[in-house]
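Just so you know, the sequence shown maps onto residues -19 to -1, 1 to 191 in mature numbering (1 follows the signal peptide of the UniProt record, and there is no 0). Every residue gets a Cβ at the ideal spot worked out from N, C-alpha and C, and that includes glycine. Below you'll find the structure, written out as structure tokens, and then a few comments.
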Amino acid sequence: MFPSVAAVLLLQLLLLLVAHVPTYECGELRRPEHSQDSQEDLFQEPALSASSQPCGSTTPLTAPHGVLQTPNFPERFTVPISCTWIIDASAIVGGNVSIVVYLTQQYVLGGLRFTEYMYYGDDYKVPSMTVYELSEDDVTRVPWIRFQSPYLEVRFTMDNLYGTHLRALDRLLDVYGFNITYEVDTVKQQTCNALHCRFLGNCYAKHDFS
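Structure follows, in structure tokens:
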């Protein structure tokens, strides 16, 4: 018995399909067929909103006032992150003068550590007994921190962005990090932080720190 014409045509069609099936090895991923331009766009890594800006300072900060902030503030930053600033007030003398850190825009719930030094150099360091680590409760309760030693090391470390930031419904939902100021002077009478600004996130130091 000879096969029918329909059966022969069906067999030829199956053989044609098998001949055009691509062969992949185990674990191999092939790109779909697109034009050259669309291939570049399709397989390009998505842009990250986190910043590649450096964090911290490689040299001591000797100015009488300044700003310490996370990269790309108030946007996200890459984690894990480790930043170090050294505030050098050794050249500024005065009976009531000290290093004051104002937590004006402080949104991280931890990771900030302040260590006072009697001397801080490349050859050796003489730490004092004062080490202060910012806690979750301090973010809304403490507007400023005062340090009496001539050198202050500010270190910030963080491994995860989620569950580590201050959040308030309809207000602080997408801010990250901190933008705080320091000043080598007496404590100012009027200060602000996130709680004083009713979680609006609009606490700033004046351009001349007055």
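Give every residue of the same chain whose Cβ lies closer than 7 Å to the Cβ of residue i, excluding the five residues on either side of it in the sequence, and list them in chain order.
{"i": "residue 66", "result": "37, 38, 42, 49, 135"}
{"i": "residue 123", "result": "84"}
For residue i, which option in the options has the closest C-alpha, if you only look at C-alpha atoms?
{"i": "residue 111", "options": "133, 121, 55, 102", "result": "133"}
{"i": "residue 70", "options": "63, 149, 128, 158", "result": "128"}
{"i": "residue 63", "options": "140, 99, 45, 53", "result": "140"}
{"i": "residue 35", "options": "114, 168, 137", "result": "137"}
{"i": "residue 148", "options": "82, 68, 86, 79", "result": "86"}
{"i": "residue 158", "options": "68, 143, 150, 109", "result": "143"}
{"i": "residue 118", "options": "163, 92, 47, 171", "result": "92"}
{"i": "residue 156", "options": "45, 57, 78, 40", "result": "57"}
Spell out the partners DSSP gives residue i in its beta bridges.
{"i": "residue 47", "result": "163"}
{"i": "residue 65", "result": "136"}
{"i": "residue 90", "result": "In the DSSP output, where bridge partners are listed per residue, residue 90 has none listed."}
Since residue i is in the beta strand (DSSP E), which residue starts that stretch and which ends it?
{"i": "residue 84", "result": "79 to 87"}
Leaving out five residues before and five after residue i in sequence, what residues of the same chain have Cβ atoms less than 6 Å from its Cβ?
{"i": "residue 54", "result": "158, 160"}
{"i": "residue 115", "result": "93"}
Notebook entry, point to check: In chain order, which alpha helix (DSSP H) runs of at least 4 residues are fully inside the segment 95 to 170?
Noted result: Runs of the alpha helix (DSSP H) spanning 4 or more residues and lying entirely within the segment 95 to 170 occur at 119 to 122, in chain order.
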